[in-house]
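Structure, as structure tokens:
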Amino acid sequence: MSSTAQVKIMVVDDHPIMRNGLRDALGDEPDFEVVGMAADGIEAVRTAQRVEPDVIVMDVMMPDKDGVDACREIMELLPNAKVLMLTASTREDAVVEAVAAGATGYLQKHSHPEELVEAVRQVAKGHLHIPDHHIKKVFALIRGNQQGASRRTLTKLTDRELEILKMFASGKAYAEIAEARGNKTTSVRNAIYRIEEKLGVDSKQEIVVWAVRNGLLDDQQ
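Taking our numbering, the leading residue of the sequence shown gets 100, the next gets one more, and so forth.
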């Protein structure tokens, strides 16, 4: 998808008012085009194959096939699609289930329309969108279920970068890492930038999720 092309969006929600409201809110954006809608997970999979959206905005809780199962199936069929999950639930494990299924973003339904629009733009670019207050809960819940880190990627990191990565992913601020290691804060910040480049991620949130998914925090409580 080029930078000038419209983002093709599909909306999935079992409630007509919510579904139509999402369509209208997103359709008002000049760089968005709503190309499909579905009322449940089964219809979502079928419609996604037909319209091939860039981003699927999908409810988690739906009859017949829920959003997580639909997301997992869509990712197998359309690996380049991005899924932004919406939910009214406050369950922390719902975030984990969404990310594990392949979702690129997660947003609660009480979020402002501006947040929804920004989240869609972020996931369309391939950026992970998870509310900051969920990050620690995400890695705490999925820590025990991940495979070991890619040795090829890890070998790109120096011992110093690996240690900084672990400290940052465990929730420590730049200043805390600098103090613990006897470095300057700017040195730590620069190291994080280099780590982003080596891991092929585009945000601090994605660094954390990468570390968790690859088991780097298994020995940290």
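Glycine included, every Cβ here is placed at the ideal spot set by N, Cα and C.
Whole-angstrom distance between residue j and residue i, CA atom to CA atom
| i | j | result |
| --- | --- | --- |
| alanine 311 | serine 269 | Here the sequence assigns valine to residue 311, which means alanine is not the residue at that position. Rounded to the nearest angstrom, the two C-alpha atoms are 9 Å apart. |
| glycine 120 | glutamate 275 | 44 Å |
| methionine 266 | leucine 315 | 10 Å |
| alanine 193 | proline 230 | 13 Å |
| threonine 284 | glutamine 221 | 28 Å |
| isoleucine 108 | phenylalanine 131 | 7 Å |
| aspartate 123 | alanine 199 | 29 Å |
| leucine 125 | tryptophan 309 | 30 Å |
| valine 219 | leucine 227 | 10 Å |
| tyrosine 292 | aspartate 163 | 44 Å |
| arginine 280 | alanine 197 | 35 Å |
| glutamate 214 | isoleucine 263 | 31 Å |
| alanine 147 | arginine 288 | 40 Å |
| valine 156 | glutamate 278 | 42 Å |
| lysine 303 | histidine 114 | 34 Å |
| isoleucine 306 | valine 300 | 7 Å |
| serine 286 | asparagine 313 | 25 Å |
| valine 133 | valine 106 | 8 Å |
| arginine 242 | glutamate 217 | Note that arginine 242 has pLDDT 49, beneath the 50 cutoff, so the model's placement of it is unreliable and the number below is only indicative. Looking at the two C-alpha atoms, the distance is approximately 28 Å. |
| lysine 271 | threonine 257 | 19 Å |
| asparagine 282 | tyrosine 273 | 10 Å |
| isoleucine 294 | aspartate 158 | 33 Å |
Unbroken beta strand (DSSP E) run spanning residue i, endpoints
| i | result |
| --- | --- |
| alanine 137 | 131–137 |
| lysine 107 | 106–111 |
Residue i versus the options, residue with shortest Cα-Cα distance
| i | options | result |
| --- | --- | --- |
| glycine 225 | His211, Leu215, Ser286, Gly204 | Gly204 |
| leucine 261 | Glu214, Met157, Leu298 | Leu298 |
| alanine 202 | Glu214, Pro212, Asp168 | Asp168 |
| valine 154 | Val195, Ala124, Val110 | Val110 |
| lysine 255 | Leu176, Ala200, Glu296, Gly281 | Glu296 |
| alanine 104 | Pro152, Val308, Met136 | Pro152 |
| aspartate 165 | Arg280, Ala147, Asp139 | Asp139 |
| arginine 118 | Gly135, Val106, Ala272, Ser286 | Gly135 |
| isoleucine 116 | Val195, Asp301, Ala137, Lys181 | Ala137 |
| methionine 160 | Glu278, Lys303, Ala272, Asp112 | Asp112 |
| valine 150 | Glu128, Leu177, Asp127, Pro129 | Leu177 |
| proline 212 | Ala272, Val106, Glu128, Glu305 | Glu128 |
| arginine 259 | Lys271, Ala290, Glu217, Tyr273 | Ala290 |
| alanine 180 | Asp158, Val195, Ala223 | Ala223 |
First and last residue of the uninterrupted alpha helix (DSSP H) at residue i
| i | result |
| --- | --- |
| isoleucine 291 | 284–298 |
| threonine 146 | 140–150 |
| alanine 272 | Counting along the chain, alanine 272 falls outside any alpha helix (DSSP H), and DSSP gives it neither H nor E. |
| aspartate 301 | Here aspartate 301 belongs to no alpha helix (DSSP H), and DSSP marks it neither H nor E. |
| asparagine 119 | 115–126 |
Cβ-heavy atom distance, residue i to the ligand MN, below 8 Å
| i | result |
| --- | --- |
| glutamine 148 | In the structure shown, the ligand MN is absent, as is every other ligand, since no ligand is present at all. |
Residue i at chain D interface by Cβ criterion, 9 Å
| i | result |
| --- | --- |
| histidine 226 | As a matter of chain content, chain D is missing from the structure shown, which is built from one protein chain. |
Residue ranges of each beta strand (DSSP E) within the region 157–222, 3 or longer: If only complete runs of 3 or more residues are kept, the region 157–222 shows the beta strand (DSSP E) at 181–186, 204–207, in order along the chain.
Using 8 Å as the threshold, is the region 176–187 in touch with the region 197–214, meaning 3 or more CB pairs across them? The region 176–187 is in contact with the region 197–214.
Should the region 134–149 be called in touch with the region 169–179, which here means at least 3 C-beta pairs below 8 Å? yes
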